[in-house]
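Novice:
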Amino acid sequence: MDEELRQRIEKTIHGHPVVLFMKGSKRFPQCGFSASVVQVLGEVGVAFETVNVLADPALREGIKEFSDWPTIPQLYVKGEFVGGADIVRELHQKVILPGYRFTKFKKTYLPCKRNSKKTEIYR
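With positions in the sequence shown counted from 1, the corresponding number in the working numbering is that position plus 32.
Structure representation (C-alpha cells):
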C-alpha cells in the first residue's frame, strides 16, 4: 500500500469516533455482511460514518492490508480496529441492558444518537 492511501485511511479512522468500511452505504448496503453491521449499530443507537469501499478499488484492498483482516466490512472505534461482521454480531449478542457492554474489553465511550447520551463499551 502506498503512503498516501495509508494516510487517507488513518485520517478517516481518526477523524470519526466510529467508522465502518463497508460495501455500499448505510441506506443501501451492497452485501449481507455490511448490512448486518449497519443493523447492529442502528439497534444500539451508535452514530457512525461509513466508507464505501466499492467506490475505490485501491481502498478496498488497502483497508484489508492496513488492518491485516481479509474481509469487508471493518469497524473502527476511536481509531482501533474492532473486527468484521462476525465479531460485531458476537459482541452485540453479549449486550447487557441498558447499555452496550462487553466485559472482556476496556472501557470506551461511543457517541449515541438517542438523547445525546453516551453508549458504554468495554473493550
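Note that CB positions come from ideal geometry on N, CA and C, so glycine has one too.
Is Gly-64 helix, strand or coil by DSSP?
Specialist: As a working note, residue 64 is residue 32 in the sequence shown. Three-state DSSP puts Gly-64 in a helix.
Novice: Does the distance from the C-beta atom of Leu-107 to that of Val-69 stay below 9 Å?
Specialist: On the sequence shown, residue 107 is found 75 positions in, with the first residue counted as 1. On the sequence shown, residue 69 is found 37 positions in, with the first residue counted as 1. Contact: yes.
Novice: Would you mind sorting Lys-55 into buried or exposed? The rule is 16 or more other CB atoms within 10 Å of its CB.
Specialist: For the purposes of this step, residue 55 is taken as residue 23 along the sequence shown, with counting starting at 1. With 16 or more Cβ atoms within 10 Å of its Cβ, Lys-55 is classed as buried.
Novice: Is Thr-44 helix, strand or coil when you go by DSSP?
Specialist: As a working mapping, residue 44 is identified with position 12 in the sequence shown. Thr-44: helix per DSSP, three-state reduction.
Novice: Determine the direct distance from the alpha carbon of Ser-66 to that of Pro-105, and round the result to whole angstroms.
Specialist: Translated into the one-based positions of the sequence shown, residue 105 becomes position 73. Translated into the one-based positions of the sequence shown, residue 66 becomes position 34. Distance between the alpha carbons of Pro-105 and Ser-66 is about 5 Å.
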